[in-house]
């Protein structure tokens with residue numbers, strides 16, 4: 001009964017620990033990006049920060065305005081060398097700024113350049129009235145923007161209204177709620193600005209005695225924040241909230257920014273950032289800056305921008321990740337555990353370090369000295385902190401007393417708590433598996449289950465008394481054990497089930513568990529246990545593996561996590577493996593992946609420990625990023641460059657002597673964004689991925705219409721929408737189709753003119769010689785006619801055999817087909833092939849082959865009536881015999897007669913004959929008759945040659 005009660009209490013404590021994990025048990029600091037003068041290349045004096053609707057970041061600086069587009073910085077000088085002081089984003093999406101004697105807004109022109117608009121002109125300020133002095137504050141409201149000068153308050157309405165009041169005496173700056181301005185007076189407390197006057201707010205006296213107020217909108221009420229505390233502001237007035245004020249040692253507060261979920265963050269002049277929940281309870285303090293934080297701004301990605309005197313910082317709050325700096329510990333973190341409110345770290349060979357959070361400052365002390373052996377694993381329990389080390393196993397009590405459970409030279413590499421018995425712990429090591437048991441609130445060594453041949457470093461408990469034990473010299477073993485008496489009851493080793501699988505039997509393996517499945521990893525290859533052995537497995541998360549040596553798989557109450565090398569994936573409830581975003585934190589590898597007893601996932605990276613808290617994640621996926629063009633430039637042949645509108649109504653046109661440059665980026669501070677492009681209409685393939693965000697096209701020598709497509713991808717895997725830029729390349733004058741046509745016509749006219757001139761010039765010569773030529777022509781006419789007849793005969797006669805050639809056959813076939821069609825009488829065609837002629841030709845040579853072809857033609861010509869029949873050489877050793885007005889029986893008899901004539905003793909070859917007979921109809925054709933005869937010929941050859949095949953139609 002006591003054991004059952006004890007287990008219930010332990011389970012309840014763990015549940016409370018996990019449920020209470022909404023606040024960090026050990027906060028660390030949020031993941032930060034720092035932008036210093038090395039990045040923005042300007043004077044290290046920063047005054048304010050704001051972000052426009054598209055995602056560009058603007059920073060007030062002594063040199064003007066610093067604008068960040070993606071990862072690129074540029075300095076925008078202001079008129080008269082004015083420094084940019086305060087910045088704020090209006091509800092219209094513009095970024096408003098102020099400096100000395102000037103105020104206005106900055107936006108982006110159509111060509112991507114930044115343009116400053118001085119609003120003094122909008123107020124009609126001239127002469128001495130333009131000398132406003134140092135503009136002290138910008139306060140955006142729903143319908144416009146207030147600008148506070150040294151002696152005046154100015155209102156710039158989006159609807160065109162402009163108002164100027166003398167500045168009433170005020171002890172501190174203003175904050176806005178529901179379109180009205182509020183300020184805090186040392187004596188009168190909270191007051192409201194009303195048409196140039198400061199009027200008391202009911203109950204505002206309770207805020208007296210302090211300067212400075214910031215207001216966070218809550219809808220029907222607001223949260224008023226001052227050094228003196230937190231207050232509720234509504235239509236009835238001001239009332240105090242029963243929460244502690246801002247800690248005095250945090251510094252004087254300077255700015256406030258709202259967070260997702262109703263929380264907010266407060267910055268101080270000491271460089272601290274204080275995170276509060278929606279009820280104004282302090283969650284964490286982050287000392288992120290060395291100097292005061294003067295301004296805060298938020299973006300659409302849960303990003304918070306903090307501006308200090310000399311650097312700009314970006315972080316995410318609420319944050320799913322926090323970072324604990326371990327660089328000063330001087331070793332690789334082998335394990336980490338929360339125990340008694342402190343963070344305990346196994347630091348390589350240096351020993352055991354304990355970190356405590358003392359008011360936002362981390363304090364580290366070494367437990368048991370730095371002389372301890374290398375520590376491999378930690379495990380927090382209600383009865384002490386267990387640690388596995390190179391020389392044994394220890395337990396550290398509440399009084400920091402170290403009890404040695406095992407003090408030998410045999411190391412223990414891991415501490416695996418039983419899933420089925422809270423008083424049982426396994427510790428694999430070189431000598432085997434040690435069994436630890438707890439009794440009367442004390443941990444004791446129950447014994448050793450020896451297996452020195454395995455030198456095991458990890459194990460899995462899959463059922464009560466059933467273990468999978470890792471083997472550094474081969475495949476793992478499955479044990480059935482008696483944990484009470486520390487005895488091995490049965491050992492089993494299973495082989496790979498893949499036939500012919502190459503595997504070094506002494507190669508170290510890793511074992512993993514995912515749900516009820518057990519896997520073994522051998523280098524890059526992974527196998528799953530199927531009950532008989534290990535079969536190859538290529539599914540997730542193992543298919544996501546980047547580095548086998550860095551791959552880790554961890555099952556937790558939150559789901560399964562897989563560290564693949566430089567990436568971390570999370571699977572909830574056997575669903576899709578989701579890649580987790582580290583934000584701007586570069587992660588090269590993981591030395592540790594551990595789910596602590598406080599319900600926080602910890603991951604060791606270079607010189608830091610990352611902590612993951614999934615309940616702080618954004619409830620919905622962030623909107624996709626967009627590849628944006630930031631500049632389009634046309635460069636002439638002489639080097640003169642012109643910027644073009646980024647969003648042109650129609651495609652920009654370029655000549656072939658010009659070049660095109662495209663600058664593009666993703667408005668995200670995440671490092672490592674890569675791009676690729678292709679030019680639709682010119683190249684169909686994509687370029688290689690690269691971080692360069694400039695595309696220069698200098699060889700515009702192919703006229704046409706094109707579209708540049710640019711895709712982006714982020715290391716975090718966030719979706720990125722592509723950009724497109726259509727453009728055209730104009731042809732040179734001689735490449736224009738109309739010009740080419742005119743040139744062709746001009747050439748033809750010139751040629752015609754030359755011909756006509758030559759004809760006219762030679763006409764007289766022809767006339768003089770005409771009489772002489774007439775006689776000669778008459779004499780030669782008869783000779784020419786005879787020659788023409790001979791040429792006609794030669795044009796239709798096969799030169800080798802003397803019979804008609806293929807051209808003559810095709811003409812005669814078409815003619816006789818038409819005649820038979822008109823008369824409705826049959827027409828026959830015999831296709832004749834000399835059998836084995838190629839072999840004969842190869843054995844006896846071409847002259848002998850030619851002689852055979854002549855003899856074949858002579859034998860086939862016997863009996864041919866040239867008035868209506870035609871024998872023709874169709875090609876090679878093939879001949880055709882056209883027989884108009886011949887039916888099937890006659891054609892078949894004729895073919896058999898010819899075939900038998902070659903069986904005579906004086907013939908060295910035989911022939912195969914295909915016969916086709918048709919009565920022509922309109923739907924048929926002469927070519928069909930020819931194809932049919934050819935098909936029957938090949939049927940005769942396939943049938944053994946020296947035969948006749950007939951197709952009667």
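Residue numbers (my numbering): 1 to 953. By construction, the Cβ of each residue, glycine as well, lies at the ideal position given by its N, Cα and C atoms. Small disclaimer: the values here were computed from a predicted structure and weren't measured.
Taking only runs of the beta strand (DSSP E) that begin and end inside the segment 152-217, which ones reach a length of at least 3 residues, in chain order? 152-157, 162-166, 174-177, 180-185, 189-194, 197-200, 214-217
Between which two residues does the beta strand (DSSP E) holding residue 108 run? As a working mapping, residue 108 is identified with position 108 in the chain shown. Element bounds for residue 108: 103-108.
Residue of 610, 798, 132, 824 minimising C-alpha distance to residue 319: The sequence position of residue 319 within the chain shown is 319, counting from 1. Closest by alpha carbon: 610.
Restricting to Cα atoms, I'd like to know which of 866, 357, 396, 413 is closest to residue 374. In the chain shown, residue 374 corresponds to position 374, counting from 1. Closest by alpha carbon: 413.
Where does residue 457 sit, in a helix, a strand or coil, going by DSSP? As a working note, residue 457 is residue 457 in the chain shown. Looking at residue 457 - three-state DSSP - the assignment turns out to be coil, as it is neither helix nor strand.
Which stretch, first to last residue, makes up the beta strand (DSSP E) that contains residue 482? Taking the chain shown and counting its residues from 1, one reaches residue 482 at position 482. Residues 477-482.
Buried versus exposed call for residue 69 [16 or more other C-beta atoms within 10 Å across all chains shown]: Position 69 of the chain shown, counting from 1, holds the residue named residue 69. With 16 or more Cβ atoms within 10 Å of its Cβ, residue 69 is classed as buried.
Tell me the residue span of the alpha helix (DSSP H) that contains residue 817. In the chain shown, the residue the question calls residue 817 occupies position 817. Residue 817 -> alpha helix (DSSP H) spans 806-823.
Which complete beta strand (DSSP E) runs does the segment 536-575 hold, if anything under 3 residues is left out? 552-556, 559-563, 568-571
Can you tell me whether residue 369 is buried or exposed? The criterion is at least 16 other CB atoms within 10 Å of its CB, across all chains shown. Stepping through the chain shown from its first residue, residue 369 is reached at position 369. Note that residue 369 has pLDDT 49, beneath the 50 cutoff, so the model's placement of it is unreliable and no number is given.
Where does residue 12 land, buried or exposed, given buried means 16+ other C-beta within 10 angstroms? Here residue 12 corresponds to residue number 12 of the chain shown, with the count starting at 1. Annotation note: pLDDT 34 at residue 12 (below 50); position unreliable, coordinate value reported separately. Exposed.
Report, in whole angstroms, the separation of the C-beta atoms of residue 177 and residue 217, which I expect to be a contact under 8 Å. One-based indexing of the chain shown puts residue 177 at position 177. One-based indexing of the chain shown puts residue 217 at position 217. Indeed they touch by this definition, with Cβ atoms about 6 Å apart.
Please state if the CB of residue 558 and the CB of residue 534 are separated by a distance shorter than 8 Å. Position 534 of the chain shown, counted from the start, is the residue given in the question as residue 534. Position 558 of the chain shown, counted from the start, is the residue given in the question as residue 558. Not a contact, by the Cβ cut-off of 8 Å.
Between residue 78 and chain D, is any beta-carbon pair separated by less than 8 Å? The structure shown has no chain D; it contains just one protein chain.
Can you list, in chain order, the residues of its chain whose CB lies under 8 Å from that of residue 951, leaving out five sequence neighbours each side? Taking the first residue of the chain shown as 1, we reach residue 951 at position 951. Excluding positions up to five away in sequence, the list reads 914, 915, 916, 917, 932, 933, 935, 936.
Please give the ranges of any alpha helix (DSSP H) in the segment 293-365, keeping only runs that are unbroken, at least 4 residues long and fully inside the region. none
Considering only the alpha carbon of each residue, which of 137, 111, 154, 146 lies closest to residue 130? On the chain shown, residue 130 is found 130 positions in, with the first residue counted as 1. Closest by alpha carbon: 154.
Given a cut-off of 8 Å on the beta-carbon distance, is the pair residue 48 and residue 64 in contact? The residue labelled residue 48 in the question sits at position 48 within the chain shown. The residue labelled residue 64 in the question sits at position 64 within the chain shown. No.
Mapping the DSSP letters down to three states, classify residue 22 as helix, strand or coil. Within the chain shown, the letter at position 22 stands for residue 22. The pLDDT assigned to residue 22 is 44, lower than 50, so where the model puts this residue is not dependable; a value taken from the coordinates is nonetheless given after this. The answer is helix: DSSP assigns residue 22 an H, G or I state.
Starting from residue 630 and walking both ways along the beta strand (DSSP E), at which residues does that stretch end? In the chain shown, the residue the question calls residue 630 occupies position 630. Element bounds for residue 630: 625-635.
Using the three-state DSSP reduction, which class does residue 237 fall into: helix, strand or coil? In the chain shown, the residue the question calls residue 237 occupies position 237. Three-state result, residue 237: strand.
Is there contact between the segment 157-173 and the segment 195-205, where contact requires at least three CB pairs shorter than 8 Å? yes
Pairing CB atoms from the segment 485-493 with CB atoms from the segment 445-452, are three or more of them under 8 Å? yes
So is residue 702 buried or exposed if we call it buried at 16+ other beta carbons inside 10 Å? Within the chain shown, the letter at position 702 stands for residue 702. Flag for residue 702 reads exposed.
Among the residues of its own chain, which have a CB less than 6 Å from the CB of residue 406, if the five just before and after it don't count? The residue you call residue 406 lines up with position 406 of the chain shown. Answer for residue 406: 392, 393, 445, listed in chain order.
What's the C-alpha gap between residue 277 and residue 227? In the chain shown, the residue the question calls residue 277 occupies position 277. In the chain shown, the residue the question calls residue 227 occupies position 227. Approximately 18 Å between the Cα atoms of the pair.
Tell me, to the nearest whole angstrom, how far the beta carbon of residue 803 is from that of residue 861; I am working on the premise that it is less than 8 Å. Within the chain shown, the letter at position 803 stands for residue 803. Within the chain shown, the letter at position 861 stands for residue 861. Right, the Cβ-Cβ distance comes to about 6 Å (below 8 Å), so this counts as a contact.
Out of curiosity, what's the CA-to-CA distance linking residue 424 and residue 692? Numbered from its first residue, the chain shown carries residue 424 at position 424. Numbered from its first residue, the chain shown carries residue 692 at position 692. So the two alpha carbons sit approximately 56 Å from each other.
On the DSSP letters alone, give me the boundaries of the beta strand (DSSP E) that residue 276 sits inside. Here the question's residue 276 lines up with position 276 in the chain shown. It spans 272-276 - the beta strand (DSSP E) in which residue 276 sits, taken as one unbroken run.
Residue 72: which of 81, 58, 288 sits nearest, CA to CA? As a working note, residue 72 is residue 72 in the chain shown. Looking at the Cα atoms, 58 is the closest of the given residues.
If we ignore side chains and look at the alpha-carbon of each, how far apart do residue 562 and residue 553 end up? As a working note, residue 562 is residue 562 in the chain shown. As a working note, residue 553 is residue 553 in the chain shown. Taking the straight line joining both Cα atoms gives about 5 Å.
Report the three-state DSSP secondary structure of residue 443 (helix, strand or coil). Residue numbering aside, residue 443 sits at position 443 when the chain shown is read from its first letter. Residue state, collapsed to three classes: strand.
Answer yes if the segment 327-344 comes into contact with the segment 284-300, meaning at least three C-beta pairs across the two stretches below 8 Å, and no otherwise. no
Apart from the five residues on each side of it in sequence, which residues of its chain come closer than 6 Å, Cβ to Cβ, to residue 941? Indexing the chain shown from 1 puts residue 941 at position 941. Here the set comprises 912.
On the DSSP letters alone, give me the boundaries of the alpha helix (DSSP H) that residue 378 sits inside. The residue given as residue 378 occupies position 378 in the chain shown. Careful: residue 378 lies outside any alpha helix (DSSP H), inside the beta strand (DSSP E) at 375-381.
Continuous alpha helix (DSSP H) stretch holding residue 841: start and end: Translated into the one-based positions of the chain shown, residue 841 becomes position 841. That run of the alpha helix (DSSP H) goes 837-844.
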